[in-house]
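Colleague: What follows is a structure written as structure tokens; I'll ask about it next.
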Amino acid sequence: AQSVTQPDIHITVSEGASLELRCNYSYGATPYLFWYVQSPGQGLQLLLKYFSGDTLVQGIKGFEAEFKRSQSSFNLRKPSVHWSDAAEYFCAVGALSSNDYKLSFGAGTTVTVRA
Amino acid sequence: DGGITQSPKYLFRKEGQNVTLSCEQNLNHDAMYWYRQDPGQGLRLIYYSQIVNDFQKGDIAEGYSVSREKKESFPLTVTSAQKNPTAFYLCASSTPREGSYEQYFGPGTRLTVT
Numbered sequence: 008a009q010s011v012t013q014p015d016i017h018i019t020v021s022e023g024a025s026l027e028l029r030c031n032y033s034y035g036a037t038p039y040l041f042w043y044v045q046s047p048g049q050g051l052q053l054l055l056k057y058f059s060g061d062t063l064v065q066g067i068k069g070f071e072a073e074f075k076r077s078q079s080s081f082n083l084r085k086p087s088v089h090w091s092d093a094a095e096y097f098c099a100v101g102a103l104s105s106n107d108y109k110l111s112f113g114a115g116t117t118v119t120v121r122a
Numbered sequence: 771d772g773g774i775t776q777s778p779k780y781l782f783r784k785e786g787q788n789v790t791l792s793c794e795q796n797l798n799h800d801a802m803y804w805y806r807q808d809p810g811q812g813l814r815l816i817y818y819s820q821i822v823n824d825f826q827k828g829d830i831a832e833g834y835s836v837s838r839e840k841k842e843s844f845p846l847t848v849t850s851a852q853k854n855p856t857a858f859y860l861c862a863s864s865t866p867r868e869g870s871y872e873q874y875f876g877p878g879t880r881l882t883v884t
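As given, the protein sequences belong to chains R and B, one line each in that order.
Counting the first sequence from 1 gives a position; my numbering is that position plus 7.
Counting the second sequence from 1 gives a position; my numbering is that position plus 770.
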């Protein structure tokens with residue numbers, strides 16, 4: 008079964024500084040990987056996804072993520088954080104088997120942006 | 771606009787009562803999912819359905835029930851057997867059969883049981 012670990016529960020970053028959120032996954036085959044963002048009391052919004060091909064993927068809101076198979080990682084980055092980036096971020100891995108498809112989510116990382 | 775709607779946004783019930791959460795999508799997606807979210811635990815899968823009239827248990831199905839009579843609708847019933855039902859519930863949909871593996875989420879329903 009697949010699983011996801013997000014080692015950082017909470018990260019505080021200054022506005023304008025860079026941000027990196029870590030994600031490690033466990034899955035036997037080539038994974039489908041996702042990053043979602045959630046504002047308080049809201050649903051999840053997809054930031055970016057990786058299925059195959061170029062290991063550096065670009066997403067919305069200026070985010071990017073890099074897939075590293077050797078490290079089983081899919082870290083999310085943003086060069087310059089805006090106050091509106093304060094939210095909770097979830098990494099997820101998808102597994103497809105016998106026409107059955109599910110996502111497994113990490114516990115999330117809460118990002119606080121200070122002025 | 772296409773999307774997923776969940777109603778109501780806030781729901782209050784007394785202990786011992788069953789309650790049904792609504793989830794509707796107009797994205798023409800085959801698959802639908804129900805998740806429970808508790809602080810610090812991420813999202814846990816309750817039930818999912820890959821096609822109409824079929825559904826499977828997720829990781830925490832005990833105390834919950836679902837139906838999938840229409841492609842657009844996937845209601846979740848929280849029964850009195852669920853020991854700790856207070857949580858934020860999220861519905862999602864996707865079309866894995868068409869090679870689209872991301873899930874799209876509704877705005878969620880916060881259920882409080884006292």
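Glycine included, C-beta positions come from ideal geometry on N, C-alpha and C.
These numbers were taken from a predicted model, which means no experiment stands behind them.
#1: Terminal residues of the continuous beta strand (DSSP E) containing R:R121?
#2: Give the list of continuous beta strand (DSSP E) stretches no shorter than 3 residues that lie fully inside the segment 74 to 111 of chain R.
#3: Between B:R838 and B:N854, which are expected to be in contact by the criterion C-beta below 8 Å, what is the C-beta distance as a whole number of angstroms?
#4: Run down chain B in chain order and give the residues with a C-beta less than 9 Å from the C-beta of R:L53.
#5: When you compare only the Cα positions, how much space is there between R:A8 and R:S33?
#6: Quick check: what's the CA-CA separation for B:T879 versus R:L51?
#7: Using beta-carbon positions only, say whether R:K109 and B:L815 come within less than 8 Å of one another.
#8: Counting contacts by CB-CB distance shorter than 8 Å, is R:F58 in contact with chain B?
#9: Roughly how many whole angstroms lie between the Cα atoms of B:L797 and B:T775?
#10: Under the rule that 16 or more other beta-carbon atoms within 10 Å means buried, what is R:T116, buried or exposed?
#11: If we cut at 8 Å on Cβ distances, does B:P866 have a partner in chain R?
#12: Taking R:G66 as the reference, give the member of R:G23, R:Q49 and R:P86 with the closest Cα.
#13: Would you report the Cα separation of B:S850 and B:E785, rounded to the nearest angstrom?
#14: Give the single residue among R:R84, R:F112, R:A99 and R:D107 whose Cα lies nearest to the Cα of R:I18.
#15: Should R:V100 and R:P38 be called a contact, given that it needs their Cβ atoms to be closer than 8 Å?
#16: Helix or strand or just coil, what does DSSP make of R:I67?
#17: Leaving out five residues before and five after R:N82 in sequence, what residues of the same chain have Cβ atoms less than 7 Å from its Cβ?
#18: Nearest by alpha-carbon distance to B:L846: which of B:L781, B:G828 and B:S835 is it?
#19: Where does B:F782 land, buried or exposed, given buried means 16+ other C-beta within 10 angstroms?
#20: Please confirm if B:G810 has its CB atom under 8 Å from at least one CB of chain R.
#21: Measure from the alpha carbon of B:T865 to the alpha carbon of each residue in B:Q795, B:Q852, B:K827 and B:L881, then state which is nearest.
#22: May I have the straight-line CA-CA distance separating R:A93 from B:R806, to the nearest angstrom?
#23: Alpha carbon to alpha carbon, how far is B:S819 from B:F875?
Modeller: Short version:
#1: T116 to R121
#2: 80 to 85 and 94 to 104
#3: Between B:N854 and B:R838 the Cβ distance is about 25 Å, and since that is not below 8 Å, they are no contact.
#4: E872, Q873, Y874 and F875
#5: 8 Å
#6: 13 Å
#7: Inclusion of R:K109 and B:L815 in the CB contact set at 8 Å is warranted, their separation being smaller than that value.
#8: yes
#9: 11 Å
#10: buried
#11: yes
#12: R:P86
#13: So the alpha carbons of these two residues sit roughly 7 Å apart.
#14: R:R84
#15: yes
#16: helix
#17: E27, L28, R29, C30, A72 and E73
#18: B:S835
#19: exposed
#20: Closer than 8 Å to some Cβ of chain R, the Cβ of B:G810 qualifies, so yes.
#21: B:Q795
#22: 22 Å
#23: 15 Å
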